[in-house]
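One structure is given below, encoded as structure tokens.
There are 2 protein chains.
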Amino acid sequence: MPDDLQARAINTIRFLAADAVQKANSGHPGLPMGAAAMAYTVWTRHLRHNPRNPKWPGRDRFVLSGGHGSMLLYSLLHLTGYDLSLDEIKNFRQFDSKTPGHPEHGLTPGVEVTTGPLGQGFGQGVGMAIAATHLAATFNKPGHEPIQSFIYGIVTDGDLMEGVSSEAASLAGHLQLGRIIYLYDDNHVSIDGSTDLAFTEDRAARFEADGWHVQKIEDGNDVEAIDAAIRAAKADPRPSLIDVRTIIGYGAPHKQGTSKAHGEALGDEELNAAKENLGWPLEPRFLIPGDVMEFYREAVEKGREREIDWKMKLDAYKRLHPALGAELERRLNGQLPEGWDADLPTFPVDAKGMATRSSSGKVLNALALKLPELVGGSADLTPSNNTLFDQAGDFQKDNPMGRYLRFGVREHAMGAALNGLNLFGGLIAYGGTFLIFSDYMKPAIRIAAISQAPSIFVFTHDSVGLGEDGPTHEPIEQLAGLRAIPHLTVIRPADANEVAQAWKVAISRRNEPTALALTRQNVPTLEGTANGMLSKGAYVLKDFGTPEIILMASGSEVSLIFEAAQKLAAEGHGVRVVSFPSWDLFEGQDEAYKEAVLPKNITVRLAVEAAATLGWDRYAKAILGIDHFGASAPYKIIFEKFGFTVENVFAKAKELLK
Amino acid sequence: MPDDLQARAINTIRFLAADAVQKANSGHPGLPMGAAAMAYTVWTRHLRHNPRNPKWPGRDRFVLSGGHGSMLLYSLLHLTGYDLSLDEIKNFRQFDSKTPGHPEHGLTPGVEVTTGPLGQGFGQGVGMAIAATHLAATFNKPGHEPIQSFIYGIVTDGDLMEGVSSEAASLAGHLQLGRIIYLYDDNHVSIDGSTDLAFTEDRAARFEADGWHVQKIEDGNDVEAIDAAIRAAKADPRPSLIDVRTIIGYGAPHKQGTSKAHGEALGDEELNAAKENLGWPLEPRFLIPGDVMEFYREAVEKGREREIDWKMKLDAYKRLHPALGAELERRLNGQLPEGWDADLPTFPVDAKGMATRSSSGKVLNALALKLPELVGGSADLTPSNNTLFDQAGDFQKDNPMGRYLRFGVREHAMGAALNGLNLFGGLIAYGGTFLIFSDYMKPAIRIAAISQAPSIFVFTHDSVGLGEDGPTHEPIEQLAGLRAIPHLTVIRPADANEVAQAWKVAISRRNEPTALALTRQNVPTLEGTANGMLSKGAYVLKDFGTPEIILMASGSEVSLIFEAAQKLAAEGHGVRVVSFPSWDLFEGQDEAYKEAVLPKNITVRLAVEAAATLGWDRYAKAILGIDHFGASAPYKIIFEKFGFTVENVFAKAKELLK
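Taken in sequence, the protein lines are chains L and U. My numbering runs 202 ahead of the 1-based position in the first sequence. My numbering runs 202 ahead of the 1-based position in the second sequence.
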């Protein structure tokens with residue numbers, strides 16, 4: 203191809219982006235203009251994809267970790283023939299467009315992950331690389347390798363400054379995830395100004411210390427050098443960072459290389475000057491020269507051929523390995539196997555009971571036998587989270603078939619990686635830590651919710667019931683905070699049987715994340731919890747007579763209200779006991795069901811939960827909760843001191859009944 | 203001193219810790235036993251402190267970042283003569299003791315920062331080093347140097363795996379904070395097992411890449427080597443990491459060097475075996491040999507002398523530099539200057555108004571003139587957060603007198619550093635980012651709340667009103683999550699005048715953190731907001747006639763309900779308009795005030811806030827909120843589509859009035 207076409211193809215990306223930002227009068231022209239050449243190189247010379255089938259499982263993945271440069275990605279998606287029209291480009295950052303300010307998975311075809319909050323793309327790419335490595339190890343056979351995906355990414359100064367990227371880089375280096383090829387848009391500029399203001403570490407040395415393969419490109423417009431570096435990265439067994447020195451807003455004569463090019467429209471004058479500077483026609487805006495379009499659109503035919511070729515090879519593979527082939531197909535299609543939930547354990551009524559983290563471990567073992575796609579791990583709290591199932595085997599560089607992930611004390615990277623693992627396809631991934639440390643991974647939990655990633659978060663030690671570790675480790679406000687996240691379903695099961703159902707809900711939800719809140723301490727296994735009603739979010743565990751009062755609780759406090767109800771009933775009161783494991787699930791029920799559980803005419807209600815009271819007001823006027831920090835002591839003493847006793851619940855209920 | 207005494211002094215730490223954990227049957231013996239020698243070296247040879255005055259401003263600071271090793275710190279506090287009795291040691295992890303599972307600042311004399319959630323101590327120490335460096339640059343004069351503090355820390359594998367530590371290390375290296383001397387308890391073990399499972403990076407190279415001075419000690423019991431390394435660290439202008447190879451649970455013959463020594467009592471048998479192994483009497487438990495006690499307690503006299511000497515030098519300093527000396531004394535005493543709030547700007551009623559982030563910038567400028575102790579910064583969103591005041595000057599290695607902190611895109615380290623800055627003394631520190639990115643720093647916000655650190659968090663872009671950046675950047679659940687944190691006061695001011703009062707509240711609260719939620723978009727300056735009532739949390743902005751309905755709102759939605767109220771009043775309805783900037787402040791009022799603002803007999807109420815509805819149920823049955831993710835579009839369109847219009851509020855109120 204002529205150099206001229208290449209230069210114009212790159213400029214097309216630059217000016218589609220700059221024109222769209224200008225039309226919206228909002229957005230980030232600097233990244234697309236500076237990183238156009240590297241993106242061009244990835245997308246036209248390396249990325250294996252099929253624009254007409256963005257879900258083709260054989261594809262490579264592209265992650266724009268600096269999601270503010272969304273127009274770079276939208277331009278490439280449009281140019282290479284994805285279902286993203288020029289009108290959508292022109293509607294950049296407008297209501298109901300497919301081109302929001304930052305890329306959103308699930309909204310725009312070809313957007314693999316939701317990015318914008320910095321570091322999230324970096325971390326999700328690491329999860330995707332784990333997925334690809336694990337699936338390749340599990341399914342690929344010599345000469346028949348259906349799983350070949352590389353994970354390409356563009357990462358920015360902002361990404362590298364975020365702690366989640368350090369965690370993820372450390373993990374990727376440890377695991378030697380050679381499928382990762384990240385191009386670092388090293389433009390020396392962030393919003394405050396030069397990176398000299400705050401970001402002066404030796405980045406190459408840092409990534410080398412993490413076990414990465416680091417290359418340096420001095421000229422961000424040198425397509426051949428970038429191309430050669432990508433080829434070297436592919437050949438290297440380590441994860442790769444290609445540090446590409448770029449100029450933010452490249453071409454804009456007065457703003458390039460400065461923070462002025464970062465986060466706002468160039469302005470007509472500067473935009474035109476940039477076009478003149480790079481020999482680009484001022485008009486029309488959104489220009490795509492015919493030969494440039496033709497060149498990019500070769501991706502459509504190439505992608506079609508690639509997928510056909512892949513499918514033919516998959517057919518051959520299936521003939522040679524019929525069972526494995528069928529299994530691979532099932533998993534890539536995201537179908538759960540027949541009877542996956544048939545043998546979930548049930549637990550007999552038992553006053554001693556067990557911690558819900560323990561029953562969770564048992565349920566997990568049952569599920570893992572039926573669901574070979576189930577992989578998971580813990581942020582270095584394996585023996586506490588009960589997240590390790592028998593025979594999982596550790597996923598390590600020398601054991602990529604392992605299904606257990608040692609995330610280290612890196613909750614945030616774990617969260618991001620889980621999202622990547624779940625979005626890659628072929629796997630269902632969970633991760634555990636203490637509920638208090640959900641705080642450390644909150645941004646990743648939100649990304650899961652916003653991007654329809656069915657990550658499963660296993661949060662144990664879910665209240666002051668963890669006892670001696672004390673206030674720093676005792677969640678108070680975490681449940682309220684998680685419950686307020688749209689599309690995240692939080693479930694706090696009351697006992698072992700509710701745990702089994704909670705896992706069933708979590709596995710069934712293939713488009714949204716789920717958070718399980720589990721106890722450290724033993725809780726009784728109750729009568730009436732094995733009925734499958736957990737999926738309704740709240741249900742009548744027992745009516746004692748005709749209810750005058752409703753006692754409701756979640757998790758470890760359900761047994762408490764149950765006992766208090768028995769005492770009230772013994773005194774002749776009518777009491778309803780409602781187990782309320784999930785507000786999110788309950789809010790999804792119809793009005794008739796809600797009314798049946800919580801009839802409006804029963805206004806005497808007491809909600810009991812060992813957590814912040816915030817939000818319970820929706821269901822009960824009286825709330826026994828904890829609106830202060832916890833305490834360090836044996837848990838029974840804390841519960842007693844904080845009023846979580848049968849006697850206190852009984853007394854409060856009596857008071858309300860007056 | 204005889205070697206024997208030294209060895210026994212170190213073993214005293216080990217077995218006080220192990221005995222306390224054994225008695226509690228809960229806790230972490232491994233760290234204290236492994237790190238006893240390095241802690242001994244710091245505390246007996248280097249740490250400048252006065253056990254009888256833990257608040258002596260001239261002291262060095264000691265940060266136990268691995269807070270799970272709390273018994274190490276409690277042992278040292280007791281041994282060196284702080285107000286922490288042996289009974290408290292024996293009451294380790296018991297209710298109402300001063301020896302909770304993890305160290306808590308404000309509870310236990312001598313505990314400088316709250317730690318336990320990993321990485322928080324590391325980050326707070328960086329903030330303390332910034333504070334010491336800035337204060338030294340501002341006040342020290344040749345020959346008269348009242349500010350000399352070093353920040354010693356013990357950091358662990360877990361700390362180093364957390365992203366917040368990477369951020370903080372990068373920042374510390376950039377700023378060349380030579381006062382930091384962190385000893386890394388490199389014991390090769392975490393909860394899951396060997397660090398080989400997940401943590402194999404070249405840590406020395408990583409810190410060197412960050413610009414740190416790194417030394418390696420091969421034997422964690424080699425006091426002389428550790429001592430020499432600390433001396434070298436003090437002499438080096440860079441922040442120092444001393445990588446000390448230790449053996450977790452040192453001495454315990456069957457558990458040392460394994461994760462079994464980490465997080466549970468050794469058991470009587472192993473504890474006794476450890477004592478035999480190290481030549482320690484099995485009984486009594488909690489043994490402190492007389493000569494050991496005598497040796498450690500030299501710290502009392504030494505500390506007394508040090509403080510006297512420091513005070514004498516300070517007196518000399520004050521004679522030479524009376525104004526500066528008085529100022530230093532005022533600031534170290536934590537007294538606000540007379541009239542600090544006298545000239546806060548007030549803003550005239552103005553329909554166009556301004557964004558509350560802008561009025562915040564103006565207020566900040568006024569405050570900064572009166573409060574030289576006010577320092578702050580932004581996580582690389584300075585022009586968006588309006589956090590830079592005139593003539594602040596950047597705090598940089600070559601300009602340590604600068605009052606503006608370029609935190610980089612490191613929200614989490616910023617949060618932790620703010621806590622350290624505010625706890626050091628002599629400074630009031632704030633930091634800005636978008637409200638959405640409060641998620642990235644949540645653990646640090648919680649640490650502020652739990653440890654009485656008066657950090658001020660400036661969160662701009664506080665709703666879908668930020669517009670085009672879209673769902674990834676639009677807070678929905680953040681307000682609810684923050685409001686649920688005990689001791690954190692969240693304020694979302696309605697206009698410029700409420701902003702001024704919100705800052706006044708934030709500055710006044712010297713024992714608890716405050717979070718300000720500020721708009722990106724313009725909001726009108728309203729009639730009636732300049733009356734100082736913001737400090738009540740909620741107040742009657744205006745009554746139209748005798749109220750039949752209460753409209754309440756916070757922040758940018760107050761002007762909306764105000765206009766809707768006018769329309770309702772025009773139709774003859776009695777309407778109360780309540781500005782509700784802070785639930786936390788309102789809940790602190792007495793019942794009479796609450797009843798006066800929200801009389802129980804006015805049950806027709808509508809709450810309006812462009813955020814998750816969770817929690818508003820406490821004040822109103824009907825809520826106009828946003829329980830889904832946002833949208834990318836010009837903000838007026840988003841508000842319209844989501845129902846945040848005068849017409850819709852009016853219609854909803856009419857519906858309720860039926």
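Every residue, glycine too, gets a C-beta built ideally from N, C-alpha and C.
In the structure shown, the three-state DSSP call for Asn601(L) is strand. Under the Cβ criterion (8 Å, minimum of three pairs), the stretch 746 to 755 of chain L does not count as touching the stretch 788 to 797 of chain L. Using a Cβ distance threshold of 9 Å, Gly634(L) and Asn587(L) count as a contacting pair.
Annotation: the continuous alpha helix (DSSP H) that includes Phe852(L) extends over 848 to 859. Any Cβ of chain U closer than 9 Å to the Cβ of Gly845(L) would place that residue at the interface, and such an atom is absent.
Against chain U, a Cβ distance below 8 Å from Thr310(L) picks out nothing, because the smallest value is about 11 Å.
Using a Cβ-Cβ cut-off of 7 Å, Tyr642(U) is close to Pro645 of chain L, given in chain order.
Remark: fewer than three beta-carbon pairs, one from each stretch, lie closer than 8 Å, so the stretch 269 to 289 of chain L and the stretch 365 to 382 of chain L are not flagged as touching. Rounded to whole angstroms, the gap between the alpha carbons of Glu420(U) and Ala431(U) is 12 Å. Restricted to the stretch 339 to 423 of chain L, the alpha helix (DSSP H) segments that are unbroken, complete and at least 4 residues in length are 359 to 363, 365 to 377, 405 to 411, listed in chain order. Taking CB atoms only, Ser834(L) has a neighbour in chain U less than 9 Å away. Using a CB distance cut-off of 9 Å, Gly318(U) counts as an interface residue toward chain L.
Against chain U, the beta carbon of Val366(L) has neighbours under 7 Å at Gly365, listed in chain order. Counting every other CB atom within 10 Å of its CB across the protein chains shown gives Gln378(U) a total of 16 or more, marking it as buried. At least 9 Å separates the CB of Glu793(L) from every CB of chain U. Between the stretch 644 to 655 of chain L and the stretch 283 to 297 of chain U there are fewer than three inter-stretch CB-CB distances shorter than 8 Å, so the stretches are not counted as touching. Among the CB atoms of chain U, none fall inside 9 Å of the CB of Phe782(L).
In the three-state scheme derived from DSSP, where H, G and I count as helix and E and B as strand, Ile828(L) is classed as coil.
For Ile356(U) and Glu773(L), the gap between their C-alpha atoms comes out near 58 Å. Within 10 angstroms of the beta-carbon of Ser562(L) lie 16 or more other beta-carbons, which makes it buried. For Ser372(L) and Thr402(U), the gap between their C-alpha atoms comes out near 8 Å.
At least one CB of chain L lies nearer than 9 Å to the CB of Ile649(U).
Here Gly360(U) is actually not in contact with Gly318(U); their C-beta atoms are around 10 Å apart, not less than 8 Å.
For Gly469(L), no alpha helix (DSSP H) encloses it, and the DSSP letter there is neither H nor E.
Using a CB distance cut-off of 9 Å, Val666(U) does not count as an interface residue toward chain L. Phe764(L): member of the alpha helix (DSSP H) spanning 760 to 772, first to last residue. Excluding sequence positions up to five before and after Gly672(L), its CB lies within less than 7 Å of the CB of Gly832, Ala833, Ser834, all in the same chain and listed in chain order. When C-alpha distances from Asn601(U) are compared across Thr335(U), Ala525(U), Pro231(U), the shortest belongs to Thr335(U). Asn724(U) is bridged by DSSP to Ala557(U). Counting only runs that start and end inside the stretch 502 to 583 of chain L, the alpha helix (DSSP H) elements of at least 4 residues fall at 524 to 534, 558 to 572.
Glu410, Ala411, Asp412, Gly413: these are the residues of the stretch 410 to 441 of chain U whose beta carbon lies less than 8 Å from some beta carbon of chain L, given in chain order. Contact check for Phe352(U) against Gly375(U) fails: the beta carbons are separated by 9 Å or more. Taken in chain order, the whole beta strand (DSSP E) runs of length 3 or more contained in the stretch 649 to 681 of chain U are 658 to 662. Sixteen is the threshold: since fewer than 16 other Cβ atoms of the shown chains lie within 10 Å of the Cβ of Arg712(L), the residue is exposed. When secondary structure is reduced to three states using DSSP, Tyr606(L) falls in the strand class.
Closest in alpha carbon position to Leu233(U), among Thr662(U), Val391(U), Met514(U), is Val391(U).
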